[in-house]
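Colleague: My numbering puts the first residue of the sequence shown at 578, with every later residue one more than the last.
Cβ coordinates follow ideal geometry from the N, Cα and C atoms, glycine included.
All values reported here derive from a predicted model rather than from experimental measurement.
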Amino acid sequence: MQFYRYSLSILALYLLGIAPMFAQIDFSNLTDEQVYRKENKYNTWSVTVGYGLLFYYTDVIDYTVFPKSNLKLAPSVIVSKQMGRAWGLDAEFITGEMYGEKNNRYFKGDFMDYSMNLRFSINQLVAFGPLLDKWDIYGKIGLGVSAFRSRLRRLDDNSFMQVNDVHKNLGGYPKPPGWDDNDFLVVGYNKQNPNDKQSRQTELVVPVGVGVRYRVNKSIDLGLESTMRNLTADNLDANFSGADNDTYLYTSFNLTYKIGKKNKRHARWTYKDFNLAYESQRAADPLAIRLDSLKSELDKLAGLDSIITTKSYQKFEKVVYEEGVSASVFFDFDKYNLKKSEHRQLARVARTLKRNESINMVISGYCDDRGSFSYNLKLSERRCNAVLDAMVNDFGIDARRFRIDPKGKSELLSDTQNKNIKGLHMANRRVDLLMIVNDEQTRENEDK
């Protein structure tokens, strides 16, 4: 228990030390590839190789925390699958030698450890992304099997110890059930012949650990990880006292190669898309998407016989809302990808444009008032280009028939006294497709 308290104290101090780094994440300036979205594709597989120290906590040790001599090193391999931003699965393999001594005896052996671990990113859960786009602090817990062999010997003459040597000469040690006094204290060997190897002893192991990862680039990470591997039995050191289950600590430096396309970011190194919660709220009120001030205005215009000129374009060209030709496409918060539901609007416009090749259109993009002017201007331009790309590549309309006009947040709707702020934001996150007409066409229509 003393060691566990020591480890938890070190971890708590470490997390407090890096806490100021949480404030360094500026979500307003993240690029599109940095924000995790379910519809996007990311690299999710990786392979990690590590090498580090092993510390054993069994009955036969002469230290409390760390040994002063006979340090053991071990390699490890981890194959990982990332499940979203914060969670991942690690299939891990460790193999190494075992050693511990106490009084006039010592145990020696080797093990192979196989485990499946659930890994969770602490900073993803607390700060919603990697720290400074470079650091990931994580915890892990799992379940596995440790297959090992070990033998108990005397320090003075290196001879193998028998059951009778321990439970009679050392007070308080019970005789292990199923063992005779003359049996040798071995695991994975013949009890009557300690040099005769048999099947490895297997026990369940529960790994619990923490680690830190540093992102070098899109393909390589460096890391430090420490896991306490808790056995569900007390026989790792071939000393069957039954007092406490045996454990061992593995602390390693590691190198990770992220499998996948080199131009794609690994999902582990992405940031939360805060629109997820917003989408959930909106899903509970589906009518809010269309019941905004813009839609109300367009519906009124659709019932009129006259053509209305949009003030925004009077200094360039006259653009009009024409039922069956014009349309509005709505976007989610801080996104510019088209939703499948909005393709129906574009398909309706495309059918009209194919029937009448004389029609040209303006694609105007808008944003709500959240975020800086320059950021929203760029976002509205991306929304315009997304609509243009769909009209050209999905519906086969000539790109020369369109002109884009990103507005950013410069022309926000304000006639929303009867709408809540959520509806106002929804109305402003849109692209309008409006028909271009010359002055003669306008006058002709106005005379009708």
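Please work out which residues of its chain come closer than 7 Å, Cβ to Cβ, to Y834, disregarding the five sequence neighbours upstream and downstream, and give them in chain order.
Modeller: Looking up residue 834 in the sequence shown gives position 257. The residues are S623, V624, S796 and I797.
Colleague: Does DSSP put S889 in a helix, in a strand, or in coil?
Modeller: By one-based count along the sequence shown, residue 889 stands at place 312. Any reading at S889 must be qualified, since the residue scores a pLDDT of 45, below 50, and its modelled position is unreliable; the value itself is stated next. If DSSP states are grouped into helix, strand and coil, S889 belongs with the helices.
Colleague: Going by C-alpha distance, which of F972, S657, H843 and K645 is nearest K711?
Modeller: As a first step, residue 711 must be located in the sequence shown, where it is residue number 134. It is H843 whose Cα lies nearest to the Cα of K711.
Colleague: Distance, Cα to Cα, K912 vs A1004?
Modeller: For the purposes of this step, residue 912 is taken as the residue at position 335 of the sequence shown. For the purposes of this step, residue 1004 is taken as the residue at position 427 of the sequence shown. Approximately 14 Å between the Cα atoms of the pair.
Colleague: Just the Cα atoms here: how many angstroms apart are N831 and Y848?
Modeller: Along the sequence shown, read from residue 1 onward, the residue named residue 831 stands at position 254. Along the sequence shown, read from residue 1 onward, the residue named residue 848 stands at position 271. Rounded to the nearest angstrom, the two C-alpha atoms are 24 Å apart.
Colleague: Could you tell me whether the region 941-958 touches the region 635-649, where touching means 3 or more Cβ pairs closer than 8 Å?
Modeller: no
Colleague: Counting pairs of beta carbons, one from the region 799-812 and one from the region 781-790, are three or more of them closer than 8 Å?
Modeller: At 8 Å Cβ cutoff, the stretches touch.
Colleague: Tell whether a beta-carbon distance below 7 Å holds between F697 and G721.
Modeller: Counting from 1 along the sequence shown, the entry for residue 697 is found at position 120. Counting from 1 along the sequence shown, the entry for residue 721 is found at position 144. Cβ atoms of F697 and G721: not closer than 7 Å.
Colleague: Fully enclosed by the region 603-683, which beta strand (DSSP E) runs are 3 residues long or longer?
Modeller: The qualifying runs are 622-634, 649-660 and 664-679.
Colleague: Okay, do the region 632-639 and the region 681-696 touch, 3+ Cβ pairs below 8 Å being the bar?
Modeller: yes
Colleague: In the DSSP assignment, what residue or residues form a beta bridge with Q739?
Modeller: The residue you call residue 739 lines up with position 162 of the sequence shown. In the DSSP assignment, the residues bridged to Q739 are F761.
Colleague: Alpha helix (DSSP H) containing G951: first to last residue?
Modeller: To locate residue 951, count along the sequence shown from 1; it is residue 374. This sequence places Ser at residue 951; Gly is not what is there. Looking at the DSSP string, the run of the alpha helix (DSSP H) that includes S951 is F950 to D966.
Colleague: Name the DSSP beta bridge partners of K685, please?
Modeller: Indexing the sequence shown from 1 puts residue 685 at position 108. For K685, DSSP records a beta bridge to Y676 and R728.
Colleague: Look at the alpha carbon of F725 and the alpha carbon of G706, and state the distance between them as a whole number of angstroms.
Modeller: Counted from its first residue, the sequence shown places residue 725 at position 148. Counted from its first residue, the sequence shown places residue 706 at position 129. Separation of F725 and G706 (C-alpha to C-alpha, rounded to the nearest whole angstrom) is 39 Å.
Colleague: Tell me the residue span of the beta strand (DSSP E) that contains T847.
Modeller: Translated into the one-based positions of the sequence shown, residue 847 becomes position 270. Unbroken run through T847: none, as it is neither H nor E.
Colleague: Could you check whether the region 923-931 touches the region 942-960, counting it as contact only if at least three pairs of C-beta atoms, one from each stretch, sit closer than 8 Å?
Modeller: no
Colleague: With H, G and I counted as helix, E and B as strand and the rest as coil, what does DSSP make of K931?
Modeller: Working through the sequence shown from its first residue, we reach residue 931 at position 354. Three-state result, K931: helix.
Colleague: Is the beta carbon of M738 sitting closer than 7 Å to the one on G719?
Modeller: Counted from its first residue, the sequence shown places residue 738 at position 161. Counted from its first residue, the sequence shown places residue 719 at position 142. No, Cβ-Cβ distance for M738 and G719 is not below 7 Å.
Colleague: Assign S987 to one of three DSSP states: helix, strand, or coil.
Modeller: Along the sequence shown, read from residue 1 onward, the residue named residue 987 stands at position 410. S987: coil per DSSP, three-state reduction.
Colleague: Thinking C-beta only, is L631 closer than 7 Å to A651?
Modeller: Taking the sequence shown and counting its residues from 1, the one referred to as residue 651 is at position 74. Taking the sequence shown and counting its residues from 1, the one referred to as residue 631 is at position 54. Cβ atoms of A651 and L631: closer than 7 Å.
Colleague: State the DSSP-derived secondary structure class of I699, mapped to helix, strand or coil.
Modeller: Position 122 of the sequence shown, counted from the first residue, corresponds to residue 699. I699 falls in the helix class under three-state DSSP.
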